[in-house]
Amino acid sequence: MKTPLHDETPQATPDINEVVLAARNVAKNFGAVRALKGVNFDVHRGQVTTLFGENGAGKSTLMKILSGVQPPSSGELILDGEPLQLASTVDAQRHGISIIHQELSLAPNMNVRDNIFLGREIIRAGGVDFAEEERQTRALMRELEEDIDPLTAVEDLRLGQQQIVEIARALSVNSRILIMDEPTSALSASEVEVLFKVIRDLKARGVSIVYISHHLEEALTITDHAVVLRDGSMTAYAPRAEIDLEWIVRNMVGENFDLGKPPTGYAMGTPALELRGLSVAAASGTGLAVNRVDLTVKAGEIVCIYGLMGAGRTELMECAAGRLTAQDGQVLLHGQDIAGLSIAERIDAGLVLVPEDRQRDGLVQTMSVGRNLSLASIRNFTRTLFTRTADECAIIDRAIREVTVKTDGPDAPIGSLSGGNQQKVVIGKMLATNPSVVLLDEPSRGIDIGAKAEVFRILSEHARDGMAVVYTTSEVGECLSIAHRVIVMRRGRISAEFTTDATKEAIMAASGESLVA
Amino acid sequence: MSNPTPAATAQSSAKPKLNLLHLLLEGRAFFALIAIIAIFSFLSPNYLTTSNALTMTSQVAIFGLLAIGMLLVILSGGIDLSVGSTLALCGVFAGWLMQGVELQSLGVILYMPVWAVVVCALTMGAFVGAVNGVLVAYLKVPAFVATLGTLYMARGAALLMTNGLTFNRLSGNPSLGNTGFEWLGFYRIWGVPISIFILAATAIAAHLLLTRAPFGRWLYSTGGNARAAELSGVPVRKVQVWVYVLSGICAAIAGLVLSSQLTSAGPTAGTTYELTAIAAVVVGGASLMGGRGTIRGTLLGAFVIVYLGAGLVIIGVSSYWQTVFTGAVIVLAVMLNSIQYGGKGVKT
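Protein chains in written order, with our numbering: chain R, 1 to 517; chain S, 1001 to 1348.
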């Protein structure tokens, strides 16, 4: 519980040598909602400043103001000691401020060169000067020490390389300040390493970086300064050397935080889900994404599957749930082989999957909160031909209460909810089918720590009632929370198995992760 | 964090107040229809007479039936370009059956009763729809291309069946017991043409299907996010096949009503009707991306398009201008749709 010795609270007038971009008393209101309540924020020259905060704390809003997407309702921005008004993102770029969004904004069908010069093509007599563009692209890639050919289509690049292309694009407009919103959320550990090397190079060149991440441990390895935002206000500032993970979490949530313990005090039941020698072909067509995996989960047991990106966790889950076909092996539900059953039939049999990507696979954006919640259990409120409104309302109300969704009501549009609440809707939807086995693929992805704890609490309660729970995670801290057992996957195989007394280091080592926070 | 506070949380966007602008946007098709009726009644005393209203509405019936089927397809995220051709094929098929089918091996001519002819024509419509549905759902042909193909094939089949001619003898023969085909187009109950009752019955059935039956939920979720729907246990592919089948059946009903109204079944009937049907759906506020739209809106859309066209004819505007106006109405409708749905983006 260290308290910063060095007070980094922003000065009324920022020190020009130290601070390149500053926000002073910046507030932003959306109607009656106060997203930012007078925030002071310093971007340190040539260093990485990381912004920590839960979902809905106002991080995105602040980034949008800094990058010119939205003007602040009040307060001012100061660039190099001069007041600054940003009319648009183009205007911000002209001042050397670029933002790289979580969802990359590249055209996948076009090549690297065309993406970098998109909208700013170099024109000479007779058309676009492709040769010059290519030369500059090569120069940029050399600077970033990345071996990416300018003529490769972006869709053929790995995600980490695409991120490098985004960075190159920002550099090509001479950005001095680079805002990165969750840049590592989709990267593998080795890609993260590459990205961090690039970030260090950028720092050496004097580029200032604003970094946002939910992956706290990872962010701590790269950052020079930490700023914590809570409920639209800045709560803490400190240089890296004086803080630790606990300090961040404490300031983010305002209390000591605990993701829970494995539920105890009851007997586990019979095996609910058994995987026997399960293999799944890789999406690329060559090799196996899941390679002869054996796993037994008993009723009432919580199993956590840890692994890096590409370790085969998602494929394992999707195969068990019926979206992917197994190449080999068996899936047994309560002793019955469920090969050949459709997703719907597996749901009826009590096996459900909460998918990893809630926007793409979990929610129907055109439907209300209530309709999303009841989508998987329509049969339960259908009498002969028609649905019964009263029965449906009962199911929706119970689901909203059970997973504690914060909403205006069942008729609110699903898009009006925060990320954590949307995730609870996806979980609530599947729990409403009264399953006996729940698979959750990265249930904590992109949700804040408070919502995470809620989700884990809900899962342990259901396990206590006899439900078998399997969840995957890529944050090692989440392995040692509610799980009775931790399974580590590496390249499609189970590489290790731990009980609750495992250490983070051992789990990470078994996954093949070299980066230890 | 843990206490559920339903209302008054700062995060939740305040409920949009029912201000005038919002009301106008929500009910735009309805207000457009009122405005059209008001303007043309003012311009011509012949517009809002009972007989003209009934004539216009029986025209609405044809487009309305096609549009209901089209709405189901569009809700699923697809499109059905084949309905105009299917209408013609089913009409011609019914006409061909009414003429009597000569079975050469037995040396007899088979005359079916009218109800059997209707069933056969509907089956034909369902068959064309099933072809579309299987192409789209299982063979992964883009809906636009698949139904463009069946548009040509159904039209070609209709032309082949009649050799390019039109069947005129549809009234049947009392001695053969197959009279009554014109009942669909001419018979009136309380002075109202049967076609309007057929439209109403189809609309009510489709409305119940969409709002009360599980199929409706499946359809809205399939169009809104097929991947999420599938993982929630929705039989996405079956839903996709069924919407095309239902659209084909709707086109067949429209084909029967139209050939009965005209007392002839021609292979070129219904050309470009699919575009009018799409227009009605869009004017009715449905999203071409799928997942949003209602039967009520679609019906209003069909009324708007037909009442506008008929009004322009009555006040003596050239039919060329009608086409221009219809086009403008469609563009305006799509523009308003994007305003309505564009604002409800995902919160970041």
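Yeah, the Cβ is synthetic: ideal placement off N, Cα and C, and Gly gets one too.
Of all Cβ atoms in chain R, is any one closer than 8 Å to the Cβ of S:S1352? An answer regarding residue 1352 of chain S cannot be provided, because it is not within the stretch 1001 to 1348 covered by chain S.
Quickly, what does DSSP pair R:Y237 with across the bridge? List them, please. Counting from one through the first sequence, the residue named residue 237 of chain R turns up at place 237. Paired residue(s): R:V227.
Please compile the residues from chain S whose C-beta is within a distance smaller than 9 Å of the C-beta of R:R158. For this step, residue 158 of chain R is matched to residue 158 along the first sequence. Simply none; closest approach about 23 Å.
Is S:A1286 closer than 8 Å to S:T1298 when the C-beta atoms are compared? Here residue 1298 of chain S refers to the residue found at position 298 of the second sequence. Here residue 1286 of chain S refers to the residue found at position 286 of the second sequence. Yes, these two residues count as a Cβ contact at 8 Å.
Same chain only: Cβ atoms within 7 Å of R:T270, ignoring 5 sequence neighbours per side: Here the question's residue 270 of chain R lines up with position 270 in the first sequence. Cβ within range, chain order: K298, A299.
Below 8 Å between beta carbons: does that hold for S:S1085 and S:T1166? Along the second sequence, one-based indexing puts residue 1085 of chain S at 85. Along the second sequence, one-based indexing puts residue 1166 of chain S at 166. No, they are not a contact pair.
Using a 10 Å radius around the Cβ and a threshold of 16 neighbouring Cβ atoms, would you call S:L1139 buried or exposed? Indexing the second sequence from 1 puts residue 1139 of chain S at position 139. Exposed.
For S:Y1220, which residues in chain R fall below 8 Å Cβ to Cβ? Stepping through the second sequence from its first residue, residue 1220 of chain S is reached at position 220. Within chain R, the residues near S:Y1220 are V364, T366, M367, R371.
Do you know offhand how far S:A1154's Cα is from R:V192's? By 1-based counting over the second sequence, the position of residue 1154 of chain S is 154. By 1-based counting over the first sequence, the position of residue 192 of chain R is 192. C-alpha separation (whole angstroms): 56 Å.
Have a look at S:F1093 and S:C1120 and give me their C-alpha separation to the nearest angstrom. In the second sequence, the residue the question calls residue 1093 of chain S occupies position 93. In the second sequence, the residue the question calls residue 1120 of chain S occupies position 120. Rounded to the nearest angstrom, the two C-alpha atoms are 8 Å apart.
Quick one: residues in its chain with C-beta nearer than 6 Å to the C-beta of R:A311, no 5 flanking neighbours on either side, listed in chain order? In the first sequence, counting from the first residue as 1, residue 311 of chain R sits at position 311. Around R:A311: M489, R490.
I need the straight-line Cα distance from R:V194 to S:V1245, nearest angstrom please. If you number the first sequence from 1, residue 194 of chain R lands on position 194. If you number the second sequence from 1, residue 1245 of chain S lands on position 245. When rounded, the distance between both Cα atoms is 53 Å.
Report the residue from R:D408, R:I248, R:S67 whose alpha carbon sits nearest the alpha carbon of R:I177. In the first sequence, the residue the question calls residue 177 of chain R occupies position 177. If we check each option's Cα against that of R:I177, R:S67 comes out closest.
Chain-ordered chain S contacts of R:I347 [CB-CB under 8 Å]: In the first sequence, the residue the question calls residue 347 of chain R occupies position 347. S1232, G1233, listed in chain order.
Going by DSSP in three states, S:Q1059 sits in which element: helix, strand or coil? In the second sequence, the residue the question calls residue 1059 of chain S occupies position 59. Of the three classes helix, strand and coil, the one that applies to S:Q1059 here is helix, per DSSP.
Is the CB of R:N256 under 8 Å away from at least one CB in chain S? As a working mapping, residue 256 of chain R is identified with position 256 in the first sequence. In this prediction, R:N256 scores a pLDDT of 49, lower than 50, which makes its location untrustworthy; no coordinate-derived value is stated.
Should R:N115 go down as buried or exposed, given a rule of 16 or more other Cβ atoms within 10 Å for buried? Numbered from its first residue, the first sequence carries residue 115 of chain R at position 115. By the 10 Å Cβ count, R:N115 comes out buried.
Are R:V469 and R:K424 touching if we call contact CB-CB under 8 Å? Taking the first residue of the first sequence as position 1, residue 469 of chain R is located at position 469. Taking the first residue of the first sequence as position 1, residue 424 of chain R is located at position 424. No; because the gap between Cβ atoms is not below 8 Å, this pair is not in contact.
Rounded Cβ spacing between R:V426 and R:L363 (contact assumed at less than 8 Å): Here residue 426 of chain R refers to the residue found at position 426 when the first sequence is read from its first residue. Here residue 363 of chain R refers to the residue found at position 363 when the first sequence is read from its first residue. Contact flag correct, Cβ pair sits at about 6 Å.
Chain S beta carbons: is any one of them nearer than 8 Å to that of R:R176? Working through the first sequence from its first residue, we reach residue 176 of chain R at position 176. Not an interface residue.
So what does DSSP say about R:R358, is it helix, strand or coil? To locate residue 358 of chain R, count along the first sequence from 1; it is residue 358. Of the three classes helix, strand and coil, the one that applies to R:R358 here is helix, per DSSP.
Within this structure, are the beta carbons of R:G206 and R:G46 separated by less than 8 Å? Residue 206 of chain R sits at position 206 when you count from the first residue of the first sequence. Residue 46 of chain R sits at position 46 when you count from the first residue of the first sequence. Yes, they are a contact pair.
Please tell me whether S:Q1340 has its Cβ less than 8 Å away from any Cβ of chain R. Numbered from 1 along the second sequence, position 340 holds the residue referred to as residue 1340 of chain S. Not one chain R Cβ lies under 8 Å of S:Q1340.
Taking 8 Å as the threshold (beta carbon to beta carbon), is R:R379 in contact with chain S? One-based indexing of the first sequence puts residue 379 of chain R at position 379. Yes, because at least one Cβ of chain S sits closer than 8 Å to the Cβ of R:R379.
Please go through the same chain and pick out, in chain order, the residues whose beta-carbon is closer than 7 Å to the beta-carbon of S:Y1220, but skip the five residues on each side of it. Here residue 1220 of chain S is taken as the residue at index 220 of the second sequence, counted from 1. These residues qualify, in order along the chain: L1075, G1291.
Among S:V1317, S:N1132, S:G1100, S:Y1152, which has the Cα closest to the Cα of S:N1173? Within the second sequence, residue 1173 of chain S is the residue found at index 173, counting from 1. When each option's Cα is compared against that of S:N1173, the closest is S:G1100.
Status (buried if at least 16 other CB within 10 Å, exposed otherwise) for S:K1017: To locate residue 1017 of chain S, count along the second sequence from 1; it is residue 17. Reliability fails at S:K1017, whose pLDDT of 49 lies under 50, so the model's placement of it is uncertain and the value that follows must be treated cautiously. So S:K1017 counts as exposed.
By Cβ distance, which residues of its chain are closer than 6 Å to S:G1129, with the 5 residues on each side in sequence left out? As a first step, residue 1129 of chain S must be located in the second sequence, where it is residue number 129. The residues are Y1244, V1245, S1247, G1248.
Using the C-alpha atoms, what's the distance from R:L341 back to S:R1028? Along the second sequence, read from residue 1 onward, the residue named residue 1028 of chain S stands at position 28. Along the first sequence, read from residue 1 onward, the residue named residue 341 of chain R stands at position 341. Looking at the two C-alpha atoms, the distance is approximately 46 Å.
Could you spell out where the alpha helix (DSSP H) holding R:N115 opens and where it closes? Along the first sequence, one-based indexing puts residue 115 of chain R at 115. Segment 112-116, the alpha helix (DSSP H) holding R:N115.
Against chain S, with Cβ distances strictly below 8 Å, would R:K504 count as a contact? Position 504 of the first sequence, counted from the first residue, corresponds to residue 504 of chain R. Not an interface residue.
Of all the options S:T1150, S:G1185, S:Y1152, S:M1098, which has the alpha carbon lying nearest to the alpha carbon of S:L1170? Taking the first residue of the second sequence as 1, we reach residue 1170 of chain S at position 170. Measuring from the Cα of S:L1170, the nearest candidate turns out to be S:M1098.
Using the beta-carbon of each residue, which ones in chain R are nearer than 9 Å to S:G1291? Stepping through the second sequence from its first residue, residue 1291 of chain S is reached at position 291. Residues of chain R passing the Cβ test: V364, Q365, T366, M367.
Which residues, taken in chain order from the stretch 316-337 of chain R, show a beta carbon closer than 8 Å to some beta carbon of chain S? A321, R323
Give the residues of chain R in contact with S:A1228, contact being defined as C-beta atoms less than 7 Å apart. On the second sequence, residue 1228 of chain S is found 228 positions in, with the first residue counted as 1. By Cβ distance, chain R contributes D361, G362, L363, V364.
Can you tell which of S:V1304, S:I1079, S:F1030, S:I1204 has the C-alpha that lies nearest to the C-alpha of S:T1150? Walking along the second sequence from the start, residue 1150 of chain S turns up at place 150. Among S:V1304, S:I1079, S:F1030, S:I1204, the Cα nearest to that of S:T1150 is on S:I1079.
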